[in-house]
Amino acid sequence: MASVKELRLRIKSVGNIKQITRAMEMVSTTKLRRFQDRAVASRPYAEEIANLVQHLAGVLGDAALDQPLFQPGTGKKTAMLIVSSDRGLCGAYNSNLFQAMESWITTHCEEKGIEKTDVDFFVYGRKAKQYLGKRGFSIAQYITEPALESIDFAAAARVARTLVDAFTSGEYAEVKILYTAFESMVRFTPTFVDFLPVAPPAEGDADAGGDVILEPDAETIFGHLVPRYLETRIYNALLESLTSEYASRRFSMKNATDAATDMQKTLKGQYNRLRQENITKELLDIVGGAEAIK
Amino acid sequence: MAEELTLRVITPERIVADTPASSVRMPALDGDMGVYPKHAAMVAALKPGVLRYKEAGVETVMFVAGGFAEVRDNTVRVLTSAGEAPEDIDEARAQEALDRARQRLAGSRVTDRGEPIDMIRAENALQRAVMRLSTRGLGGR
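Chains as they are written, first to last, in my numbering: chain G, 46 to 339; chain C, 408 to 548.
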């Protein structure tokens, strides 16, 4: 049984931890909102670009699919961009991601008849680097510049270019992205998407085609458009991952704060009981002593 | 003059402009292109340059860093990685970018680390910097 003094110390330290977790919860809430706003702000652009891709692919027909980025790569290996977080204390955010990756890689390698080391990782986030590095996965590039927190569209464009270059080097059959999709404040799912080769877009609506003037011509526009399209996909994956990370961190910090409150209450109860017991004991001693003197 | 255009300049970060306009002039790949109300549906690729639009007789200029323009139903959507009003352009930064790009194009074809310089990228950077500076100049004042 802990002494009154020990209990007092524990109550105090639980209170300190609670202060910290609450502060982190509030910071996460603000950051979460910021990344969410940016994700929303990027949507009109991404949607318009995707529309144009679909539209032009419709105009070009099969000619669009002849472009190198639409053809499966000549290599055997797979490249994957994995987006994790730089910092911990965000609940199961990273471990969910790694779990999804592990189960995916097993089936993927079986399907393609390749080794696990034939999957080259392009890594965003320190946690993934640590995880993959420890387990002997092959890391092609660990992207640190700029830090995940301060990404902007230009940075996303650079990542996209890195991946496209890797793909066109002929080493890879395909490039995938693993990121955490933000579905709601309490739902974030590790998600795989095919990045390259570019998937043939879904059937474009017929009436969108037809009499649209293309300046200078469909091939040229398409050639400019596809890289932009790929950039928006990376940007979106990064922003959604960041949003999920902060939502996850906020959630786990809130749980920690609540748990600390509960613990404080229990400890306080124990402390009071023990204190009263001690007082009772002392009183009995005094009364007993007084009786004896009589 | 019942009909008017709506001009929307959309970047990945935000919507830079959403305004009515009586005419729009933009830097298409093959030279400037004007759009008036009732223009036929069109998709055009843009190069870095100056976008001008008129509203109630007043002309406004804006730098766009290349991209695409889509004209449909009297709406001009400009999709670009950056759209900046003259007063928002960071002159020092653009000048720096210009010098850097010039250096790259003039010097040897490799960087200090011995990697080949991507000439197309350097040239694009040069073009962007030049157009940024000249847009800035147009803002006057």
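Here a beta-carbon is modelled for each residue, glycine too, at the ideal position from N, C-alpha and C.
Given the structure is predicted, the values throughout are model-derived calculations rather than measurements.
Suppose only complete runs of 3+ residues qualify. What are the beta strand (DSSP E) ranges in the region 104–155 of chain G, listed by chain order? The beta strand (DSSP E) runs lying completely inside the region 104–155 of chain G and spanning 3 residues or more are 122–128, given in chain order.
Can you tell me whether G/Ile258 is helix, strand or coil according to DSSP? Of the three classes helix, strand and coil, the one that applies to G/Ile258 here is strand, per DSSP.
Taking CB distances under 8 angstroms as the criterion, tell me whether G/Ser87 reaches chain C. Using a Cβ-Cβ cut-off of 8 angstroms, G/Ser87 counts as an interface residue toward chain C, since at least one Cβ of chain C sits closer than that to its own.
Leaving out five residues before and five after G/Ala292 in sequence, what residues of the same chain have Cβ atoms less than 7 angstroms from its Cβ? Once the five neighbours on either side are set aside, the close Cβ partners of G/Ala292 are Leu77, Phe227, Met230, Phe233.
For my contact list, G/Ala95 and G/Ala102 are in at a C-beta cut-off of 8 angstroms; report their separation, rounded to the angstrom. That pair is no contact at about 11 angstroms.
G/Val72 (DSSP reduced to helix, strand or coil): Three-state result, G/Val72: helix.
For G/Leu284, collect the residues of the same chain with a Cβ closer than 7 angstroms to its Cβ; drop the 5 residues on either side in sequence, then sort them by chain order. If we look at G/Leu284 and ignore the five residues flanking it on each side, its Cβ neighbours are Phe80, Arg83, Ala84, Ser87.
Per-residue burial, G/Gly178 [other beta carbons within 10 Å of its own, 16 or more giving buried]: Exposed: under 16 other Cβ atoms inside 10 Å.
For G/Asn141, which residues in the same chain have their Cβ closer than 6 angstroms to its Cβ, ignoring the five residues on either side in sequence? Excluding positions up to five away in sequence, the list reads Pro235.
Roughly how many angstroms lie between the CA atoms of C/Ala499 and G/Asn300, to the nearest whole one? A straight-line Cα-Cα distance of about 48 angstroms links C/Ala499 and G/Asn300.
6 angstroms CB neighbourhood of C/Leu486 in its chain, flanking five on each side removed: Around C/Leu486: Ile417, Gly474, Phe475.
Give, in chain order, every unbroken run of the beta strand (DSSP E) that is at least 3 residues long and sits entirely within the region 451–499 of chain C. The DSSP assignment places 465–479, 482–486 as complete runs of the beta strand (DSSP E) inside the region 451–499 of chain C, in order along the chain (cut-off: 3 residues).
Backbone CA spacing between C/Asp497 and C/Asp439 [nearest angstrom]: Cα to Cα, C/Asp497 sits roughly 24 angstroms from C/Asp439.
Measure the alpha-carbon distance for C/Thr542 versus C/Leu414 and round it to whole angstroms. Rounded to the nearest whole angstrom, the C-alpha separation of C/Thr542 and C/Leu414 is 19 angstroms.
Which bits of chain C does G/Thr265 rub up against, with CB to CB less than 8 angstroms? Think of a sphere of 8 angstroms around the beta carbon of G/Thr265: the chain C residues whose beta carbon falls inside it are Leu436, Ala452, in chain order.
Taking C-beta pairs closer than 7 angstroms, name the residues in chain C that G/Val364 reaches, listed in chain order. With chain G covering only 46 through 339, there is no way to say anything about residue 364 of chain G.
With 7 angstroms as the limit, tell me which residues of the region 470–494 of chain C have their beta carbon closer than that to any beta carbon of chain G; keep them in chain order. So the close ones are Phe475, Glu477, Arg484, Leu486, Ser488.
Is the Cβ of C/Thr418 closer than 8 angstroms to any Cβ of chain G? Judged by the 8 angstroms Cβ criterion, C/Thr418 is in contact with chain G.
Could you please give the first and the last residue of the uninterrupted beta strand (DSSP E) stretch that includes G/Val243? Here G/Val243 belongs to no beta strand (DSSP E), and DSSP marks it neither H nor E.
Separation of G/Leu223 from G/Thr74, as counted between CA atoms: In this structure, the CA atom of G/Thr74 is about 24 angstroms from the CA atom of G/Leu223.
Within 8 angstroms of any Cβ in chain G, is that where the Cβ of C/Met348 sits? Here chain C has residues from 408 to 548 only, and residue 348 of chain C is not among them.
For my contact list, G/Ser286 and G/Thr225 are in at a C-beta cut-off of 8 angstroms; report their separation, rounded to the angstrom. Rounded to whole angstroms, the Cβ separation of G/Ser286 and G/Thr225 is 5 angstroms, and the two are in contact under 8 angstroms.
Name, please, each residue of chain G whose Cβ falls closer than 9 angstroms to the Cβ of C/Ile422. Here the neighbours are Ala86, Pro89, Tyr90.
CA-to-CA distance, G/Thr277 to C/Glu420, given in whole angstroms: Cα to Cα, C/Glu420 sits roughly 11 angstroms from G/Thr277.
Euclidean distance between Cα positions of G/Val204 and G/Phe198: When rounded, the distance between both Cα atoms is 10 angstroms.
Counting only Cβ pairs nearer than 9 angstroms, list the residues of chain G close to C/Met449. Chain-order list of chain G residues neighbouring C/Met449: Val257, Ile258, Leu259, Glu260, by C-beta distance under 9 angstroms.
Got a sec, what are the start and stop residues for the alpha helix (DSSP H) G/Met308 sits in? Per DSSP, G/Met308 belongs to the alpha helix (DSSP H) from 263–338.
My output table needs one value for G/Val98: the three-state DSSP class, helix, strand or coil. Look at G/Val98 here: in three-state DSSP terms it is helix.
For C/Ala529, which residues of its own chain have a beta-carbon under 6 angstroms away from its beta-carbon, when the five flanking residues on both sides are left out? Answer for C/Ala529: Ala508, Arg511, Leu512, listed in chain order.
Chain G contact residues for C/Met440, given Cβ-Cβ distances below 8 angstroms: Close to C/Met440, with beta-carbon spacing below 8 angstroms, are these residues of chain G in chain order: Glu260.
At a CB distance below 9 angstroms, what residues from the region 268–279 of chain G approach chain C? Give them in sequence order. Here the close residues are Gly268, His269, Leu270, Arg273, Glu276, Thr277.
Beta strand (DSSP E) containing G/Phe227: first to last residue? That run of the beta strand (DSSP E) goes 217–229.
Taking only the alpha-carbon atoms, compute the straight-line gap between C/Gln502 and C/Arg539 and give it to the nearest angstrom. Roughly 9 angstroms separates the two Cα atoms.
Name the DSSP bridge partner or partners of G/Val164? Per DSSP, the beta-bridge partners of G/Val164 are G/Thr123.
Report yes or no: do three or more beta-carbon pairs, one from the region 122–131 of chain G and one from the region 159–168 of chain G, lie closer than 8 angstroms? Touching, yes.
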